[in-house]
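In my numbering, the protein residues as written are 277 to 367. The beta carbon of each residue, even a glycine, is placed where N, CA and C say it ideally should be. Structure, as structure tokens:
Structure (structure tokens):
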């Protein structure tokens, strides 16, 4: 496996792990009722290095395809953020 490809796969793995950590903020026992959703912020901080690794390792003709896949992970973060804000204001 080529070094850039391995770095890209590891970056995607880290970014998806960040999305999974952010998704944990939707589970009521893990988040305080009136508190700030720290798991969402932590998931964002886990996502950033993975996205940076993908950005740095994507060169050439498939860069747009790779960044499109990363865009879906960002859309997941936006959806989770909207759900968490909805839950915070509905309490």
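Beta-carbon separation (whole angstroms), residue i vs residue j, contact threshold 8 Å
i, j, result
"residue 315", "residue 307", "7 Å"
"residue 323", "residue 291", "5 Å"
"residue 320", "residue 298", "7 Å"
Residue i classed as buried or exposed, judged by whether at least 16 other C-beta atoms fall within 10 angstroms
i, result
"residue 346", "buried"
"residue 332", "exposed"
"residue 279", "exposed"
"residue 356", "buried"
"residue 304", "exposed"
"residue 334", "buried"
"residue 329", "buried"
Closer than 7 Å: residue i CB and nearest the ligand FMN heavy atom
i, result
"residue 327", "No copy of the ligand FMN occurs in the structure displayed, which carries no ligand at all."
Residue i: first and last residue of the uninterrupted alpha helix (DSSP H) it sits in
i, result
"residue 345", "339-366"
"residue 320", "314-333"
"residue 306", "Counting along the chain, residue 306 falls outside any alpha helix (DSSP H), and DSSP gives it neither H nor E."
"residue 280", "279-299"
Candidates the options, of which the one nearest residue i by Cα
i, options, result
"residue 325", "339, 366, 288, 300", "288"
"residue 361", "302, 344, 342", "302"
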